[in-house]
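The structure appears right after this line, and notes come after that.
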Amino acid sequence: ADGLKTGHTQEAGYGLVGSARQGTRRIVFVVSGLPSVTSRAEESERIVNWAFRQFAESDLAKEGDRIADAPVWMGNVQQIGLVAPKDLKVLTAAVDRDQISTEVVFQGPIQAPIAKGQEVAELVITRLGLPDAHLPLVSDRDVSFGGFLPRLRSAGSVLLSQVVGQAKGLF
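Just so you know, we're using this note's numbering here: the sequence shown kicks off at 725 and counts up by one.
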């Protein structure tokens, strides 16, 4: 433990607000209503050991890792890389460590201009029994408006996908 505040009152018993660090992880915990200083210390140690043993931190991506690609609308390039703006980590129960799923979500195609580092998507992390976590993804490059040919290509691509989509509905 590297930070704590102890206390005792007749009504509440012995209590403690503490924190402990192991590697890059820190936990904060509270115990109260215990009958003695010894029981307060023992219970605090049990909580700290349980927290570090039962929960694991998983590295999803390092800063700058390319997670996915996204199409660009009317830009000087057809697609951008969606990258992690910082190291992406998630905490989950150790027994559920392999039960993590991810999905990249964005409104596409992404409209030019786009600045390098601009948030354009999110990584949705689904963990068993926990709310989804939403982490930002950013563009890996600057994108300016395209000239005539890139704009024509973007418009043609959208038109073709609409025609193909309507044709699929006919058969």
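Cβ coordinates follow ideal geometry from the N, Cα and C atoms, glycine included.
Owing to the predicted nature of the structure, the values given are computational and were not obtained by experimental measurement.
- Here the C-alpha atom of ARG851 lies approximately 42 Å from the C-alpha atom of LEU876.
- Scanning its chain for C-beta atoms nearer than 6 Å, with the 5 sequence neighbours on each side dropped, one finds around LEU815 the residues PHE779, GLU781, in chain order.
- Of the other Cβ atoms in all chains shown, fewer than 16 fall within 10 Å of the Cβ of ALA736; this residue is therefore exposed.
- Sequence-distant partners of PRO809 (beyond 5 residues in either direction) whose C-beta falls short of 8 Å from its own C-beta, in its chain, are GLU787, GLY841, GLU843, PRO860, LEU861, VAL862.
- LEU740 is classed as buried because its beta carbon has at least 16 other beta carbons within 10 Å across all chains shown.
- Residue environment analysis places GLY742 among the buried positions, since at least 16 neighbouring C-beta atoms fall within 10 angstroms of its C-beta.
- Looking at VAL807, ILE849, PRO837, GLY799, the one whose alpha-carbon comes closest to that of ASP822 is ILE849.
- Under the three-state reduction of DSSP output, SER760 falls in the coil class, being neither helix nor strand.
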